[in-house]
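Chains as they are written, first to last, in UniProt numbering: chain R, 1 to 419; chain S, 1 to 175.
A quick write-up on the structure given underneath.
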Amino acid sequence: MKFLLVFAALVAAARSEQLFVGDQVLRVTPSNGEHVSLLRALAELPEVQVDFWRHPTSPGQPTDLRVPFRSLQAVKVFLESNNISYSIMIEDVQKLLDEEKKTMMKSRRIDRSTSTFDFASYHTIDEIYDWMDTLVDDHPGLVSKLQIGQSYENRPLYVLKFSTGGSNRPAIWLDTGIHSREWITQATGIWTANKIAEEYGQDPSITAILDSMDIFFEIITNPDGFAYTHSSNRMWRKTRSISAGSSCVGVDPNRNWDAGFGGSGSSSNPCSETYRGPYAHSEREVKSIVDFIRSHGNVKSVISIHSYSQMLLFPYGYTTAPAPDHQELNELAKKAVSDLAAVYGTKYTYGSTANTIYLADGTTIDWAYDNGVKYSFTFELRDTGRYGFLLPSSQIIPTATETWPALLDIMVHVLEHPY
Amino acid sequence: QDIDGVGPKYHLELVLEDVLHKDSTVNCTAEVLYHLGNTTAPDVQFTIEGEVKNTDEADNMFYNRTKSLEKELVGENIPDSHGNVSPEMEPVHLLAWVASGYVIWQNSTENTNFQLAQIKRVKQVKRSDEHLEFDYTILLHEMVSQEIIPWQMTVLWHPQHGVQVTQDSRQPKHA
Chain R
1 MKFLLVFAAL VAAARSEQLF VGDQVLRVTP SNGEHVSLLR ALAELPEVQV DFWRHPTSPG
61 QPTDLRVPFR SLQAVKVFLE SNNISYSIMI EDVQKLLDEE KKTMMKSRRI DRSTSTFDFA
121 SYHTIDEIYD WMDTLVDDHP GLVSKLQIGQ SYENRPLYVL KFSTGGSNRP AIWLDTGIHS
181 REWITQATGI WTANKIAEEY GQDPSITAIL DSMDIFFEII TNPDGFAYTH SSNRMWRKTR
241 SISAGSSCVG VDPNRNWDAG FGGSGSSSNP CSETYRGPYA HSEREVKSIV DFIRSHGNVK
301 SVISIHSYSQ MLLFPYGYTT APAPDHQELN ELAKKAVSDL AAVYGTKYTY GSTANTIYLA
361 DGTTIDWAYD NGVKYSFTFE LRDTGRYGFL LPSSQIIPTA TETWPALLDI MVHVLEHPY
Chain S
1 QDIDGVGPKY HLELVLEDVL HKDSTVNCTA EVLYHLGNTT APDVQFTIEG EVKNTDEADN
61 MFYNRTKSLE KELVGENIPD SHGNVSPEME PVHLLAWVAS GYVIWQNSTE NTNFQLAQIK
121 RVKQVKRSDE HLEFDYTILL HEMVSQEIIP WQMTVLWHPQ HGVQVTQDSR QPKHA
């Protein structure tokens, strides 16, 4: 054991900062119990920083350990002087990592065509932003990408514009992912955006729509929250804005709109999942949409996509009083839900937000409606609680497929009922 | 219907669907009585019409497999971020679902709607008697507030004796 102390001192003297360059992975085979103990003791030394890929268990069983470059000499000397046999499995870990990165980037370049993008799995924010560019490349003259602002953490807020020309045509707004944990929505958004691009010129309904109207589609409406669901907390719902005077982070972007703002359908507590924010439109993610829709001036429909519950909702959420257009919106919802169910039998309920789900104030569609956008709807996609937010990726394409006719019903109605 | 001095009572008619065999359904009627003040769990009375599918074979397979494990069963993030549950963990997931039903019932009011969101952690606790014991940390999703609430529960199970939640407690949300 004295040897170990000397050895540790040697290593402590040879410190360096580089990550993985020159690191090796050794396969070590202890031949007796003493060897096993020595290896275990080696793991305990903080200066040495060996990283066991396969832990020492018993004599004769190989053990794999990654040894940082700076400890290599000392570890090899230690093994040899104790007659512990070893071989070099990986000569340079960093080289291997660089090669792996190269292959990943190559395959990502191959993904540069939308026909190889995997719509049936969940993707990271970077993968989705890359895919947006390939969609634009694949459909020039139909799809373009705009930036309408920046998130709290300065991520770009991208909107896909589907247009066959004209100037400031009446438009339909679609958004997914405003609540970041609702992963089925961003995934459905991607599939749907692709479907719109593909079906123009093929499907008579979408062709008629795009021949006179534009579609604006924001797929990652809350990029900070989305990145956070990948890096830290899969269940994150809100934005990532810092609240003055609180250790809690984030505002519910669907309680931050200036429509019935500040009522009992939202919270004043920054730690709450339905925290409305310090004032209406305090969140950049919300303000940028408000500014876009206001300055556009010709948006005729806002469809905001959420999950879960399997519902199709229309205003109001901030009051149980019926909206002036209640009857028309109700009839349209009924049709859309019926056409959705016709695909795989998925049952949706429908009605005004307040009567169907719960009182919620400061919501996207209530603001849109009160600002002249008659055809404002919220979808709550699959499921009804069995998987909830953690909907298996095998359900992405079925969910998007069944939602498509419902979306078309709404968009066709908007086209056929100009106002 | 409001019962004076006690609370609101609901009469429900529902159809129960076997999650594993979608074509298998039974009709059910239930009466739920909420207590004013919300300090006790609602009273539930129910009757089922017809028979629920027999699960003895699957139960015994899971029971025997788990009893014979050398190391205690452990798991985390079930389902994972992508909604996947490994086949070995599926019974553990289903057990959590049943057990969380009890926890949800005990903590429900007219203004709550709980769902099991995820199993954060599960660890089997070896027992000398015939029961299987699991210590779960689950995440409950409460629809109205949209909160994700961590909850600890200790679950006992045996194929013939059914499920028992012997201990449960709400856990603090990490700030």
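Ideal Cβ positions, reconstructed from N, Cα and C, are used throughout, including at glycine.
Next item on the list: Have a look at the DSSP bridge pairing and note the partners of S:G162.
Entry: S:H158
Next item on the list: Output, in chain order, the set of chain C residues within a Cβ distance shorter than 7 Å of S:G83.
Entry: Absent from the structure is chain C; the protein chains it does hold are R and S.
Margin query: Let me confirm a value: R:E402 is counted as buried when at least 16 other C-beta atoms fall within 10 Å, else exposed. Which label applies?
Written below: The residue is buried, with at least 16 neighbouring Cβ atoms inside 10 Å.
Notebook entry, point to check: When we look at the beta-carbon of R:A171 and count the other beta-carbons within 10 Å, is it buried (16 or more) or exposed?
Noted result: Around the beta carbon of R:A171, a 10 Å sphere encloses 16 or more other beta carbons of the protein chains shown; the residue is thus reported as buried.
Next item on the list: Answer yes or no: does any C-beta atom of chain S fall closer than 7 Å to that of R:E273?
Entry: Chain S, which has a Cβ nearer than 7 Å to the Cβ of R:E273, makes this yes.
Next item on the list: Check whether the Cβ atoms of R:S266 and R:R255 sit closer than 7 Å, and answer yes or no.
Entry: In this structure, R:S266 lies near R:R255, with their beta-carbon atoms less than 7 Å apart.
Notebook entry, point to check: Are any of the Cβ atoms in chain S nearer than 7 Å to that of R:Y350?
Noted result: no
Next item on the list: Report all residues from its chain with a CB closer than 7 Å to the CB of R:E17; omit the five preceding and five following residues, and keep chain order.
Entry: Note that R:E17 has pLDDT 41, beneath the 50 cutoff, so the model's placement of it is unreliable and no number is given.
Notebook entry, point to check: For S:I148, which residues does DSSP report across the bridge?
Noted result: DSSP, once it has assigned bridges, lists S:H141 as partnering S:I148.
Next item on the list: Quick one: which residues of the region 115 to 140 of chain S get their C-beta closer than 7 Å to a C-beta of chain R? List them in chain order.
Entry: Q115, A117, Q118, L139
Next item on the list: Decide if the region 34 to 42 of chain S is in contact with the region 56 to 65 of chain S; the criterion is three or more beta carbon pairs, one per stretch, under 8 Å apart.
Entry: no
Next item on the list: Rounded to whole angstroms, what's the CA-CA distance from R:S288 to R:S241? Just pull it up for me.
Entry: 15 Å
Notebook entry, point to check: Using a beta-carbon distance below 7 Å, is R:E344 in contact with chain S?
Noted result: Looking at the sequence shown, residue 344 of chain R is not Glu but Tyr. Judged by the 7 Å Cβ criterion, R:Y344 is not in contact with chain S.
Next item on the list: Using the Cα positions of S:V19 and R:Q327, report the straight-line distance between them to the nearest angstrom.
Entry: 36 Å
Next item on the list: Answer yes or no: do S:G83 and R:L390 have a C-beta to C-beta separation smaller than 7 Å?
Entry: Yes.
Notebook entry, point to check: Should R:R66 and R:V25 be called a contact, given that it needs their Cβ atoms to be closer than 7 Å?
Noted result: yes
Check: Using a C-beta to C-beta distance shorter than 9 Å, which residues of chain R count as neighbours of S:K172?
Finding: It is worth fixing the name first, because residue 172 of chain S is Pro in this sequence and not Lys. Chain-ordered listing is empty here: chain R has no CB closer than 9 Å to the CB of S:P172, the nearest sitting near 12 Å.
Notebook entry, point to check: Smallest Cα separation from R:G165: which of R:V143, R:L174, R:I184, R:P46?
Noted result: R:V143
Next item on the list: Flag this pair as yes or no: are the beta carbons of R:S301 and R:V412 separated by less than 7 Å?
Entry: no
Note to self: Comparing C-alpha positions only, which one of R:R284, R:V251, R:R276, R:T363 sits nearest to R:I305?
What the structure shows: R:T363
Note to self: Is there a C-beta anywhere in chain R that falls below 7 Å from the one on S:E13?
What the structure shows: no
Note to self: In chain order, what are the residue ranges of uninterrupted beta strand (DSSP E) at least 3 long that sit wholly in the region 137 to 216 of chain R?
What the structure shows: Counting only runs of 3+ residues, the beta strand (DSSP E) found wholly inside the region 137 to 216 of chain R occupies 143 to 150, 156 to 162, 171 to 176, in chain order.
Notebook entry, point to check: Applying the criterion that 16 or more other CB atoms from any shown protein chain within 10 Å of the CB defines a buried residue, is R:P324 buried or exposed?
Noted result: R:P324 is classed as exposed because its beta carbon has fewer than 16 other beta carbons within 10 Å across all chains shown.
Notebook entry, point to check: For R:D258 versus R:W173, is the C-beta spacing smaller than 7 Å?
Noted result: no
Checklist line | Bounding residues of the alpha helix (DSSP H) (the contiguous stretch that carries R:Q61) | finding: Taken as a continuous stretch (DSSP letters only), R:Q61 belongs to no alpha helix (DSSP H), as it is neither H nor E.
Notebook entry, point to check: With DSSP run on the structure shown, which of helix, strand or coil describes S:E51?
Noted result: coil
Next item on the list: Under the assumption that R:R40 contacts R:D64 (Cβ atoms under 8 Å), give the Cβ distance between them as a whole number of angstroms.
Entry: Not a contact, Cβ separation roughly 14 Å.
Next item on the list: Measuring alpha carbon to alpha carbon, tell me which of S:V32, S:P42, S:H21, S:V26 ends up nearest S:Q106.
Entry: For S:Q106, the closest C-alpha among the options S:V32, S:P42, S:H21, S:V26 is that of S:P42.
Check: Counting along the chain, where does the alpha helix (DSSP H) carrying R:E328 start and finish?
Finding: Start and end: 326 to 344.
Next item on the list: Express the C-alpha separation of R:L407 and residue 427 of chain R in angstroms, rounding to a whole number.
Entry: This structure cannot settle anything about residue 427 of chain R, because the visible part of chain R is limited to 1 through 419.
Notebook entry, point to check: Just reading off the alpha helix (DSSP H) that R:P223 is part of, what are its end residues?
Noted result: Taken as a continuous stretch (DSSP letters only), the alpha helix (DSSP H) holding R:P223 covers 223 to 231.
Check: Taking 7 Å as the CB-CB limit, is R:M213 close to chain S?
Finding: no
Next item on the list: Go to R:K287, then tell me how far its alpha helix (DSSP H) extends in each direction, as first and last residue.
Entry: It spans 284 to 296 - the alpha helix (DSSP H) in which R:K287 sits, taken as one unbroken run.
Item checked: Backbone CA spacing between R:A74 and R:H230 [nearest angstrom] -> 39 Å
Notebook entry, point to check: How is R:S266 classed by DSSP in three states: helix, strand or coil?
Noted result: coil
Margin query: So R:Y122 contacts chain S; which residues on that side make the cut at Cβ distance below 9 Å?
Written below: The answer, in chain order, is S81, H82, G83.
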